[in-house]
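Engineer:
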Amino acid sequence: MTVRLWYTRPAGNWLEALPVGNGRIGAMVFGGPRRERIALNVDTLWSGGPHGAGVSGGPETLAEIRRLLLDEDDRRAAEDAVRGLQGPESESYQPLGDLLLTRGPEGREPDGGDPRGGGPRAGEYRRELDLDRAVAVTSAGGVTTEVFASAPDGLLLVRVTSSSAIGLRAGLRTPHAEARTGHPDARTLTLTGRAPAHVEPHRPVADPVVYRAGEGMLFAVAVRVWADGGTVRAGGGTLTVEGAASLTLALAAETSFRGWDREPGNDRAEPLERCLATIGAAEAYGTDELLARHVADHAELFSRVSLRLGEAPEGWPEAEDGARAARPDGGRPTGGRPADERPSGERVAGERPSGERQSGERQSDERVAGERPTDERPTDERVAAVRAGADDPGLAALMFAYGRYLLIASSRPGTQAPNLQGIWNEDVRPPWSCGYTTNINVQMNHWPAETTNLPECHLPLADLVEELASSGARTAREVYGGDGWVAHHNVDIWRASWAMPGEAMWSMWPMAGAWLARHLVEHADFADDDGFRMTRAWPAVRGAAEFVLGHLVEDGAGLLVTAPSTSPENSFLDARGEHVSVDVTATMDVWLIRELFRTAAGLAVRAGDTEFAGRLRDALARVRGPGIGADGRLLEWSRPFTEYEPGHRHLSHLYGLFPGDEIDVDGTPELAAAARRSLEARLAAGGGGTGWSRAWTICLWARLRDGAAAETAVREVLREHTAADLLGLHPPRIFQIDGNLGFTAGVAEALLQSHTGTLRLLPALPPGWPAGAVTGLRARGPVIVDLEWSGGLLRRASFTAGRDRVVTLAPPPGVTGPDELRLTAGEPRVVTFDPA
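Counting from 1, one number per residue, gives the positions in the sequence shown under my numbering.
(1) When you compare only the Cα positions, how much space is there between G87 and G502?
(2) Note the first and the last residue of the continuous beta strand (DSSP E) segment covering D130.
(3) Here's the rule I'm using: 16 or more other beta-carbon atoms within 10 Å means buried, otherwise exposed. How should R639 be labelled?
(4) Going straight from the alpha carbon of R324 to that of S798, what length do you get?
(5) Give me the DSSP bridge partner(s) of Q753.
(6) Helix, strand or coil: which one does DSSP assign to S162?
(7) Would you mind stating whether V465 and A540 have Cβ atoms separated by less than 8 Å?
(8) Measuring only the C-alpha atoms, how far is A825 from V806?
(9) Counting C-beta neighbours from all protein chains within 10 Å, is the total for R576 16 or more, i.e. buried, or is it exposed?
(10) If you reduce the DSSP assignment to three classes, tell me which class F219 lands in.
(11) Report the three-state DSSP secondary structure of V205 (helix, strand or coil).
(12) Helix, strand or coil: how does DSSP classify Y7 here?
(13) Taking the Cβ atom as the reference point for each residue, do M588 and Y644 lie within a distance shorter than 8 Å?
(14) Give me the residue from T566, S92 and R518 with the minimum Cα distance to W432.
(15) Using a Cβ-Cβ cutoff of less than 6 Å, which residues in the same chain neighbour L155 once the five nearest sequence positions on both sides are dropped?
(16) Could you name the residues of the same chain whose beta carbon sits closer than 7 Å to that of T437, not counting the 5 residues immediately before and after it, in chain order?
(17) Would DSSP call S678 helix, strand or coil?
(18) Go ahead and pull the three-state DSSP assignment for R780.
(19) Would you kindly work out how many angstroms separate the C-alpha atoms of E128 and L40, rounded to a whole number?
(20) Closer than 7 Å to a non-hydrogen atom of the ligand NAD - does that hold for the CB of G686?
(21) Does the Cβ of S164 have 16 or more other Cβ atoms within 10 Å, making it buried, or fewer, making it exposed?
(22) Do the CB positions of L96 and V42 come within less than 8 Å of each other?
(23) Taking DSSP's pairing of strands, which residues face W46 in a bridge?
(24) Give the straight-line distance between the Cα atoms of G107 and V241, rounded to the nearest whole angstrom.
(25) Under a Cβ-count criterion, where at least 16 other Cβ atoms within 10 Å of its own Cβ denotes burial, should S56 be classed as buried or exposed?
(26) Taking the straight line between their C-alpha atoms, what separation do you get for V368 and D380?
(27) Would you call V20 buried or exposed, if buried means 16 or more other Cβ atoms sit within 10 Å of its Cβ?
(28) At the level of alpha carbons, what is the spacing between G757 and T808?
(29) Is the segment 434 to 450 touching the segment 408 to 424 in the sense that three or more CB pairs, one from each, lie closer than 8 Å?
(30) For G214, which residues from the same chain have a beta carbon less than 8 Å from its beta carbon, with the 5 sequence-adjacent residues on both sides left out?
(31) Tell me the rounded alpha-carbon separation between D609 and R542.
(32) Compare the Cα-Cα distances from D71 to each of E554, E426, F547 and G84 and report the closest residue.
(33) By how many angstroms is the C-alpha of I734 removed from the C-alpha of T599?
(34) Once you ignore the five residues that flank V135 on each side, which residues in its own chain have a CB closer than 6 Å to its CB?
(35) Taking the straight line between their C-alpha atoms, what separation do you get for L603 and H183?
(36) Please give the ranges of any alpha helix (DSSP H) in the segment 698 to 728, keeping only runs that are unbroken, at least 4 residues long and fully inside the region.
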C-alpha cells in the first residue's frame, strides 16, 4: 500500500515544499500549478576552499589551561585561555539556485490564472510525495507534473503530461556571482556561476558573504527538453515549449570540487561538459525507462522495512500469513495498490481504522460535521490536528517511513554525508553553516542507518571520517602536539577539524573523533564484516584512541583526566559562582573514553598489537567512572555543580544509555536509575525543546524500556517540532534533518534492540500502539526481524540471519517463547508467542 504525504494546495514557503534527492542532487518541489519553483542543491557546493587551523603556540596554551584548571582550580581563567586554541571559521553549504517553470500557451500565464501561482479551485488540485516511488506529483487542471531525482542516472527529471497541448517556459536562476546562462543547442539551457570565497557563519560583520574573482567553487547546471510533439525554442535564458503532448526536463548539476584537500578547479567549461555528458547518456533510455530505473533503485532500499500501527486491513499479508519473511539480502516483498485503486474503506499503511480509539480520541461518529477520518485527511491537516491535541499513530508511522526516505535521498555511496539539512538548503548564509555538527547532530543523522536496514547510507559518513582523520592528524600535531587525530564540534566539506572561534561551551570539545569512530565499528558489527572492521574501522579507532591517550593528563590524585573538557554546549556555576563551561573530564568524556579504549583494545588484539592494547587497558583503569549526585541524578560534570540551564537541549551525560550501551536496565540498574532521574529532571525543567533533542529522548526512553514515556516523546516531536511537510524543526522554525532521522531511530529502538547481544523484542512498545506490525528491522549479526503484535502483546516474529547462528531472545512481558533460536542463513524462522 502506498505511503505518501499529500496536500490540497501548493507550498506557500520552503518548509511546505516536498524534498526529492539522489544523494547528490536535492530539490524542493513547491507544486505551483502555473508557476512552479523547484529549489536546487548539489552536495559538493560549499563556500571557501581548503584551509588549516592557523593556531600557533597550541601546546603552550594547552599547558597553561591545564595549570589553571588543575593547580589553580580557576575555571573562569581557563575558559578565557581556551580562545588561544581556536582556529578560523568553517565554511557553509550553499544553495545551487532554482528551476522556474511557467505553464500556459507559449509559457504565458493562462487567462484568469492567479499571478502569484496559486492553486485552482478546491477539488482540482493535489500534490503528493510518494515515498514508495520517491516521486513528487502535482495534479491540477488536467496537467500532471512528476519530479524525481534518479541515483542510477544522476539526474533530476521533471515530466509533464496533460489532456491537452502543453505550453511551458523554463528558466534557471542562482543567488551566486558570475552567473551566466547559455544555449548550447535549441533544446538546452545552461547556467554557470561561482560560490562565495567565504561565508561568515554567525558573527555580525559588514560583509558576511564574500565573493572574489577567481576564488570559490564553480558550478554548472544544464536542462534539456525532451518533448513529444510541438516546438521547442531556446533563447534569452529560457526554454519555451509550445503544443507538446508531453515533455520531460532533464537537469544535471556539477561543481568544480576536486576533494577536501585540493583547491576547486577553475575551468568553467569542465563542470558544464560533465552535465551535458550525463544528460546525453540518459537520453537514449527515454523517460519511462528512466523512471522505472529510478523506482527500482529506490524501492530496493525503501521497501526493506515497513511499519503498520493498528490492526491489519483485510488483504494485508500479515493478517493472513503472519509476519512477512524478509529476503536473505535484507529486502522484503513489495506490493500494494495505488490509493485510487483501493476500496474506499481501505487505509494507507501505518494508519489505524477510524473506529479504533485511543484515550482522549473521538470515535468516528463523534467527528465534527464535515470532518474527514484521519486516514483520508491531507498531511498538513493531520499535523495541525496533532498540534491541537489529537493522537494519530498513523502519522507516527508515516514520520518513521519519511525518515528512511530522507536518509536514502540524502546519503548514497559516493556522495557527501547528509549535513544539518541533509542536502536541502535555500540560504546562502544558512543556520549553523548547514554543516556537520559533530557533538550530536551528524551522528544522529545516521542512527537509523543500521537498525532500519540502510547500511549503504552509512558509508558516506565512513568516507567523511577517514578524510577527517587525515585533517585531524594535522590538527592534533599542530594544536595539541599530539599523536592520532582529533576533531571538534564543527566540520565542513574541507574537513575542518579544529576548534572554531566562539564560546568554549561548544568550541572546546576535542572528542568528536571518539564518537565518529564508533559509527564505523557499528557498521561492521551489524554486518559482522571483519574486512570492514579491520581495514576501515580499526585505523579510525586507533587514531582516535592515540589522540585521547596522549591527551589524558595526571590530575595529581592518581587519575587520568581530560583538561579542558566540556559537556557540549552546556554550562554551570563553579565553586566561585562563575558562569563557565570548562571542566575536568565531564561525564560525556568518561563514556566516550571508556567505550573508545575498550573497543580499541579489542581491535588491537585482533590486529596483533598487544602492546597498544595493554597501554589502553592501563589507562582505562585510571579514568574515573560516572558520578551520581546526592539527589540520585547522574552527574554531568566532574562535581555536582549548579546547572546554569537546567532544561538544556543537550543530553550529553546520558550518552552511556544511548547511543552508548554501558548503561543497562538489567546490567547496571543503579546507573539506569540515575539516568532516568537525570532525564526526568531535564525534561521537567523544559528540556527537549528542539526536534533533535526530543527525538533523542525517544531513544533514551526506549533503552529504559519505558514505552509510555517514549510515546510521549513521539507525540511531542509531532506536535511541537514538525513542519507541514513533516520536516523536523529547530526553534524558531529552522529545518534540521536530525530531528527526522532521530525520530525514525527512536521508533526502531522502541520495537527492537540488540546492543547487549540479546534480541529484545518490543522493549518499549508505546501503549497507544496496541496493534501493529513491522517488517525488515535489522539487528546486529545481521538478523532481519519482522514482528506482529495485537492487544499490546507480541504474537509472531520472523528471524532471518545473514549466517548460521544461535540468537538469544528476550520477548516483552506478557508472552512466552523460546529463550534461544538456532537460525540457518537466509532461511526465515517464524515463531509464535503465547500469552504468559
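Glycine is no exception: its CB is placed at the ideal position from the N, C-alpha and C atoms.
Structural biologist: From the atom records:
(1) Cα to Cα, the separation comes out at about 10 Å.
(2) Y125 to D130
(3) exposed
(4) Its pLDDT being 36, under 50, R324 is placed unreliably by the model, and the measurement read from it follows with that caveat. Taking the straight line joining both Cα atoms gives about 7 Å.
(5) R760
(6) In the structure shown, S162 sits in a strand (DSSP, three-state: E or B).
(7) yes
(8) 11 Å
(9) By the neighbour-count rule (16 or more Cβ atoms within 10 Å), R576 is not buried but exposed.
(10) strand
(11) coil
(12) strand
(13) no
(14) S92
(15) A250, A252 and A282
(16) L420, H489 and N490.
(17) helix
(18) coil
(19) 19 Å
(20) Although the ligand NAD was asked about, the structure shown includes no ligands whatsoever.
(21) By the Cβ-count criterion, S164 is exposed, with fewer than 16 other Cβ atoms from all chains shown falling within 10 Å of its own Cβ.
(22) yes
(23) Y93
(24) Residue confidence for G107 is low, a pLDDT of 47 falling below 50, so the modelled location carries little weight and cannot support an answer.
(25) exposed
(26) Residue placement at V368 is flagged as unreliable, the pLDDT there being 34, under the threshold of 50; a coordinate-derived value is accordingly withheld.
(27) buried
(28) Here the C-alpha atom of G757 lies approximately 8 Å from the C-alpha atom of T808.
(29) yes
(30) The answer, listed in chain order, is N266.
(31) One C-alpha to the other measures close to 11 Å.
(32) Looking at the Cα atoms, E554 is the closest of the given residues.
(33) 37 Å
(34) E146 and F148
(35) 57 Å
(36) 707 to 720
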